[in-house]
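Please read the structure below before turning to the comments.
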Amino acid sequence: MPTTEAQILDWLQAVTDPEIPTISLVDLGVIREVRVEDDGGVHVRLTPTFAGCPAMDYMRRDVETTLLAHGIPRVTTEISLRDPWTSDMVTDRGREGLRRHGLATPPKLNGGLLDLDILEYAECPRCHTTNTELRTPFGATLCRAVHYCHDCRQLFEQFKPI
Amino acid sequence: MNPTLDLLYRLADDQLILGHRNSEWNGLGPILEEDIAFSSMAQDKLGHALQLYTLLHELGEAEPDTVAFTRNAPQFHCCQLTELPIGEYDFSLIRHFLFDHAELLRFEALAGSSYEPLAQVARKVKGELKYHVLHANTWVKRLGSATEEAIGRMQAALEFTLPYALGIFETTDAEPDIIRSGLFIGEAELQARWEASIGKVLAQTALTLPDLRTLTPVGGGRRGQHTEYLQPLLDEMAEVFRLDPTADW
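The listed protein sequences derive, respectively, from chains Y and F. In case it helps, my numbering puts the first sequence at residues 45 to 206. In case it helps, my numbering puts the second sequence at residues 67 to 315.
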């Protein structure tokens, strides 16, 4: 029986973000398309969270090795901005994974403007208050901002809305 | 030059060169958060440069690495603002403020470009640039309303930098075609939007925006005329690449 796209996506649940092991690339939203070709080969289209993300090559490699290990004869990958990533592409399971890693989740944009209110908003991943303040829009990686919780009196990281 | 290539080279070279300059704050930032901010913006800008050089490659130009690392200063189309040394933190901050306001407005406009591959890149890049502008605004408002020394330094940096910033909007012979074909709204329209945008932020500080009509823009960069600072930057940036251009990293 030929492999289905659903099966491929299921296998790809095992491929996690190279820096956040609690979220899969599928739930992060960077895998935009999976296509099973007539000859049984598989094509995967990925999009970067941020254009300068240095982890893209690792993500490609992990996707390829995982599918080859499941017996797919030929795997091709493509990085494309055709369907550019926004933080709304993170699934509910993905948001849960971010929280498990101690990261605040990006507020939903729902197609709205990325304005200052959105950029400055974050819910503390520890106590869930929104009594927080954006300290710097640049963190340990391009996709993270640093906020401060006035209740916990602690800094925390947030996966940036974009 | 073909209008699309002309526009793409200017966009890409600005990103690469200012990205490199921003990276020079790595390890030197006045506080850790600023060290990280300038390093992150450097990484973003190199990412944007790569996307734009990739578009050029798809149009038949050389590979991104070849284009980035093997040209000399007269073949670069960046504005002179981007190539100036990082200097003191006040200058780097004001350059970042003036450049990224223009850049955000530029890429917001390019999101509607008639050249769809460029519009796609712009739709991605404009979201990232919001963070750059947010960062610049935060510090310009903070230092521009702080102590006498801070305000004095920021004002002096603003006055020194503005003529170079006006060079961002220098046009080339391709400008009428670029506007007519819907590739881009054009530099004059962009400059008008930029003046409104920086004016709004500066009005919230103790800084004074001089009458821009009295300033002489520093141009030349778009036509390959550069300051003495660009070639040494290129030599340093490409030093490792040129040791063995065929090496696999």
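Quick reminder that beta carbons are idealized off the backbone N, C-alpha and C, glycines included.
Residue closest to residue i, alpha-carbon to alpha-carbon, out of the options
i	options	result
V88 of chain Y	Y:H114, Y:C97, Y:P98 and Y:L56	Y:L56
Y75 of chain F	F:C144, F:K111 and F:L98	F:C144
G183 of chain F	F:L118, F:F135, F:E261 and F:D72	Reading off the sequence shown, one finds Pro at residue 183 of chain F, where the question assumed Gly. Considering only alpha carbons, the answer is F:L118.
S247 of chain F	F:S179, F:A185, F:G85 and F:H114	F:S179
N175 of chain Y	Y:T93, Y:P150 and Y:Y165	Y:Y165
V86 of chain Y	Y:P117, Y:Q198, Y:I64 and Y:R105	Y:P117
L160 of chain Y	Y:L178, Y:L147 and Y:D54	Y:L178
P98 of chain Y	Y:E63, Y:H194, Y:H114 and Y:E122	Y:E63
L142 of chain Y	Y:I52, Y:E49, Y:D54 and Y:F203	Y:F203
D101 of chain Y	Y:E49, Y:S124 and Y:R144	Y:S124
G287 of chain F	F:V206, F:A212, F:H201 and F:I234	F:I234
M103 of chain Y	Y:C193, Y:E167, Y:C187 and Y:T60	Y:T60
A58 of chain Y	Y:F94, Y:G84, Y:H114 and Y:E81	Y:H114
P150 of chain Y	Y:I52, Y:E81, Y:A189 and Y:V80	Y:A189
G153 of chain F	F:A223, F:P130 and F:L73	F:A223
Q198 of chain Y	Y:E167, Y:F182 and Y:E77	Y:E167
L186 of chain Y	Y:I206, Y:H145 and Y:P169	Y:I206
Any C-beta of chain F under 8 Å from that of residue i
i	result
P151 of chain Y	no
T109 of chain Y	no
I64 of chain Y	no
F203 of chain Y	no
Closer than 8 Å to chain Y by CB, residue i
i	result
H201 of chain F	yes
L121 of chain F	no
G113 of chain F	yes
S106 of chain F	yes
V191 of chain F	yes
P267 of chain F	Before going on, a small fix: residue 267 of chain F reads as Val here, not Pro. Cβ-Cβ to chain Y under 8 Å: no for V267 of chain F.
Q117 of chain F	yes
E90 of chain F	no
E255 of chain F	no
CB-CB length for residue i against residue j, believed under 8 Å
i	j	result
L147 of chain F	F165 of chain F	6 Å
V74 of chain Y	P92 of chain Y	7 Å
A103 of chain F	T110 of chain Y	A103 of chain F to T110 of chain Y, Cβ: 35 Å. No contact.
L362 of chain F	Y230 of chain F	Only positions 67 to 315 of chain F appear in this structure, which leaves residue 362 of chain F out of reach.
S89 of chain F	S105 of chain F	6 Å
L171 of chain F	L256 of chain F	6 Å
D195 of chain Y	C171 of chain Y	5 Å
Q186 of chain F	G96 of chain Y	With a Cβ gap of about 16 Å, Q186 of chain F and G96 of chain Y do not count as contacting.
Chain Y contact residues for residue i, given Cβ-Cβ distances below 8 Å
i	result
A177 of chain F	Under the 8 Å cutoff, chain Y gives no residues; its nearest Cβ is about 10 Å from A177 of chain F.
A103 of chain F	T180, P181 and F182
Q186 of chain F	L125, R126 and P128
Chain F residues whose Cβ lies nearer than 8 Å to that of residue i
i	result
F94 of chain Y	D110, G113 and E194
Residues that residue i contacts on chain Y, provided the C-beta gap is smaller than 9 Å
i	result
Y75 of chain F	Going along chain Y, no residue has its Cβ under 9 Å from Y75 of chain F, so there is no contact; the nearest lies around 18 Å.
Please list, in chain order, the residues of the segment 117 to 149 of chain Y that have any C-beta partner in chain F closer than 7 Å. L125, R126 and P128
Give, in chain order, every residue of the segment 157 to 191 of chain Y whose Cβ lies closer than 9 Å to some Cβ of chain F. L158, D159, L160, L163, E164, L178, R179, T180, P181, F182, G183, A184, T185, L186, A189 and V190
Check each residue of the segment 70 to 84 of chain Y: if its Cβ is closer than 8 Å to any Cβ of chain F, include it; give the result in chain order. none
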